[in-house]
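Visitor:
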Amino acid sequence: MSDDKSIALDLITLKKSTYLNKLKEAVPKVKGSIPNFGLPKWKHLPLESKIPMIPGLQENMYTFTRSKLGESLRIRFNGFQPFDMSDPYNNEIQLPYEGMHDAHLAHYFRTSPHVQDALIKMGLITPQLDVKCSLKEYNNYRNYLRVMHGKLIRNVLEKRDKILREKKLLNYAENQTLKKIERLKKDEIRENLLKELKLKETNKLKEILRKDKENDQRVETINEMRYQISQRKKMESKKKRDYIINQRAIMAKKEEQKILNTLNKWHERDCLLRKTKEQNLLKIHNNKKALQEEQIEKELLVKEYAEKIKKSFLNKYQRKLEENKKKSLLLLKKDDPYTL
638 MSDDKSIALD LITLKKSTYL NKLKEAVPKV KGSIPNFGLP KWKHLPLESK
688 IPMIPGLQEN MYTFTRSKLG ESLRIRFNGF QPFDMSDPYN NEIQLPYEGM
738 HDAHLAHYFR TSPHVQDALI KMGLITPQLD VKCSLKEYNN YRNYLRVMHG
788 KLIRNVLEKR DKILREKKLL NYAENQTLKK IERLKKDEIR ENLLKELKLK
838 ETNKLKEILR KDKENDQRVE TINEMRYQIS QRKKMESKKK RDYIINQRAI
888 MAKKEEQKIL NTLNKWHERD CLLRKTKEQN LLKIHNNKKA LQEEQIEKEL
938 LVKEYAEKIK KSFLNKYQRK LEENKKKSLL LLKKDDPYTL
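Each residue of the sequence shown is one higher than the last, beginning at 638 in our numbering.
#1: Report buried or exposed for residue 977, applying the criterion of at least 16 other Cβ atoms within 10 angstroms of its Cβ.
#2: Measuring straight from C-alpha to C-alpha, what distance separates residue 854 and residue 827?
#3: Which parts of the region 760 to 820 are runs of the alpha helix (DSSP H), unbroken and 4 residues or longer, counting only runs that do not cross its ends?
#4: Where does residue 704 fall in DSSP's three states?
#5: Would you give the residue range spanned by the alpha helix (DSSP H) that residue 750 belongs to?
#6: Please classify residue 686: does DSSP put it in a helix, a strand, or coil?
#7: Determine whether the Cβ of residue 867 lies closer than 9 Å to any Cβ atom of chain B.
#8: Can you tell me whether residue 785 is buried or exposed, with buried defined as 16 or more other CB within 10 angstroms of its CB?
#9: Three or more beta-carbon pairs under 8 Å between the region 804 to 819 and the region 734 to 752, yes or no?
#10: Count the other CB atoms within 10 Å of the CB of residue 968; is the residue buried (16 or more) or exposed (fewer)?
#11: Does the separation of the CB atoms of residue 690 and residue 772 fall below 9 Å?
#12: Over the uninterrupted alpha helix (DSSP H) stretch that includes residue 744, give me the two end residues.
#13: May I have the straight-line CA-CA distance separating residue 708 from residue 937, to the nearest angstrom?
#14: Evaluate residue 777 with the Cβ neighbour count: other Cβ atoms within 10 Å of its Cβ, from every protein chain shown; 16 or more gives buried, anything less gives exposed.
#15: Would DSSP call residue 907 helix, strand or coil?
#16: From residue 758 to residue 775, what distance separates their C-alpha atoms?
#17: When you measure from the CB of residue 688 to every non-hydrogen atom of the ligand SAH, does any distance come out below 8 Å?
#18: Do residue 746 and residue 706 have their beta-carbon atoms positioned less than 9 Å apart in this structure?
#19: Between 701, 700, 692, 789, which has its C-alpha nearest residue 712's C-alpha?
#20: Out of curiosity, what's the CA-to-CA distance linking residue 959 and residue 949?
#21: My output table needs one value for residue 868: the three-state DSSP class, helix, strand or coil.
#22: Report buried or exposed for residue 928, applying the criterion of at least 16 other Cβ atoms within 10 angstroms of its Cβ.
#23: Near residue 848, what residues of its chain come up, given a Cβ to Cβ distance below 7 Å and the 5 sequence neighbours on each side ignored?
#24: Would you call residue 885 buried or exposed, if buried means 16 or more other Cβ atoms sit within 10 Å of its Cβ?
#25: Buried or exposed: residue 911, going by 16 or more other Cβ atoms within 10 Å of its Cβ?
#26: Between residue 761 and residue 703, what straight-line distance do the alpha-carbon atoms span, to the nearest angstrom?
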């Protein structure tokens with residue numbers, strides 16, 4: 638129960654991914670912003686967070702580097718200048734000049750093996766010609782990369798906004814065009830209906846005049862027409878009734894198929910949600926297990942280091958006692974007159 642509660646709390650406290658976070662993930666980070674060593678959590682630190690100092694580590698256990706010997710620290714992107722002219726007093730970015738990162742001296746450094754050996758002995762570069770730096774300098778460099786990464790994100794965001802505005806303009810123009818076409822169609826239909834009505838009225842008047850002139854034939858013609866109309870109405874009524882029955886059967890079949898498809902989709906969605914939930918729970922369990930194993934390993938290292946310190950202190954204390962004992966024996970021998 639406690640594990641279920643902790644898992645539920647972890648799920649509740651998970652942060653939802655916003656549009657800006659998705660945009661940051663879409664724009665890749667600059668190379669060199671994450672060290673190739675250290676704790677696994679460092680690889681997931683955002684650029685605005687500093688690499689922390691780990692107390693208790695030996696000196697030179699981790700070597701921070703930013704770039705090769707003779708390579709400039711300032712990076713170049715399409716559409717961006719290597720120097721930021723919007724921050725002339727370096728209030729936001731602190732990236733001073735360093736001779737070993739001067740691109741104009743790259744040829745001198747690369748063609749002078751004795752200079753490279755001297756820099757390696759002085760501890761300024763690694764054997765792979767990577768220039769060493771302090772944790773503070775590395776964090777300042779990460780701050781510079783954060784600013785450049787932000788500019789990339791802002792550039793992508795501006796491009797997306799521009800595309801969105803163009804789409805809105807195109808949609809507006811398309812809607813206006815469709816409305817205009819619809820108005821023209823309505824006007825054309827109205828004119829055609831008026832013409833048909835006028836034509837019907839004219840024909841009707843002609844028919845009445847003709848029937849008035851032909852009184853004898855009118856009765857027979859009217860009776861024949863009535864009979865034909867009644868027969869036609871019966872046929873049309875029967876066709877209409879059959880058509881309605883067929884349409885109802887088709888609609889019922891479609892509705893039944895639609896319900897079946899909806900139920901299938903719901904079932905597939907429930908299966909997918911259940912599978913996703915199981916995968917997320919398994920992932921959380923594995924992460925928690927790895928974190929506990931890492932914590933146990935750290936505790937063992939700390940205990941081993943404490944045992945070494947304790948053993949060293951006891952050895953020193955034992956040697957000191959033996960030396961004091963020898964000194965006291967020598968003093969006793971000197972004070973005793975019966976000793977030779």
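All residues carry an ideal CB built from backbone N, CA and C; glycine is no exception.
Guide: Let's see:
#1: By 1-based counting over the sequence shown, the position of residue 977 is 340. Interpretation of residue 977 is limited by its pLDDT of 48, a score under 50 that renders its predicted location unreliable; the figure taken from the coordinates is listed afterwards. Under this definition residue 977 is an exposed residue.
#2: To locate residue 854, count along the sequence shown from 1; it is residue 217. To locate residue 827, count along the sequence shown from 1; it is residue 190. Distance between the alpha carbons of residue 854 and residue 827 is about 38 Å.
#3: none
#4: Here residue 704 is taken as the residue at index 67 of the sequence shown, counted from 1. If DSSP states are grouped into helix, strand and coil, residue 704 belongs with the strands.
#5: For the purposes of this step, residue 750 is taken as residue 113 along the sequence shown, with counting starting at 1. Looking at the DSSP string, the run of the alpha helix (DSSP H) that includes residue 750 is 750 to 758.
#6: Here residue 686 refers to the residue found at position 49 of the sequence shown. Coil at residue 686, not helix or strand.
#7: The structure shown contains no chain B, having only a single protein chain.
#8: Mapped onto the sequence shown, residue 785 falls at position 148. With 16 or more Cβ atoms within 10 Å of its Cβ, residue 785 is classed as buried.
#9: no
#10: Here residue 968 refers to the residue found at position 331 of the sequence shown. By the neighbour-count rule (16 or more Cβ atoms within 10 Å), residue 968 is not buried but exposed.
#11: Numbered from 1 along the sequence shown, position 53 holds the residue referred to as residue 690. Numbered from 1 along the sequence shown, position 135 holds the residue referred to as residue 772. Their beta carbons are under 9 Å apart, which means residue 690 touches residue 772 by this criterion.
#12: Along the sequence shown, one-based indexing puts residue 744 at 107. Element bounds for residue 744: 743 to 747.
#13: Here residue 708 refers to the residue found at position 71 when the sequence shown is read from its first residue. Here residue 937 refers to the residue found at position 300 when the sequence shown is read from its first residue. Distance between the alpha carbons of residue 708 and residue 937 is about 42 Å.
#14: Mapped onto the sequence shown, residue 777 falls at position 140. So residue 777 counts as buried.
#15: Position 270 of the sequence shown, counted from the first residue, corresponds to residue 907. Residue 907 falls in the helix class under three-state DSSP.
#16: Within the sequence shown, the letter at position 121 stands for residue 758. Within the sequence shown, the letter at position 138 stands for residue 775. Those two C-alpha atoms are separated by around 22 Å.
#17: This structure does not include the ligand SAH; it has no bound ligands of any sort.
#18: In the sequence shown, the residue the question calls residue 706 occupies position 69. In the sequence shown, the residue the question calls residue 746 occupies position 109. Going by C-beta atoms, residue 706 is nearer than 9 Å to residue 746.
#19: Position 75 of the sequence shown, counted from the start, is the residue given in the question as residue 712. Residue 789 is the option with its Cα nearest to residue 712.
#20: As a position in the sequence shown, residue 959 is number 322, starting the count at 1. As a position in the sequence shown, residue 949 is number 312, starting the count at 1. Their backbone Cα atoms lie some 16 Å apart in a straight line.
#21: Counted from its first residue, the sequence shown places residue 868 at position 231. In this structure, residue 868 counts as helix in the three-state DSSP scheme.
#22: Position 291 of the sequence shown holds residue 928. Residue 928 should be labelled exposed.
#23: One-based indexing of the sequence shown puts residue 848 at position 211. For residue 848, where only same-chain residues beyond five positions count, the Cβ hits under 7 Å are 855.
#24: The residue given as residue 885 occupies position 248 in the sequence shown. Residue 885 comes out exposed.
#25: Counting from 1 along the sequence shown, the entry for residue 911 is found at position 274. By the 10 Å Cβ count, residue 911 comes out exposed.
#26: Taking the sequence shown and counting its residues from 1, one reaches residue 761 at position 124. Taking the sequence shown and counting its residues from 1, one reaches residue 703 at position 66. Looking at the two C-alpha atoms, the distance is approximately 12 Å.
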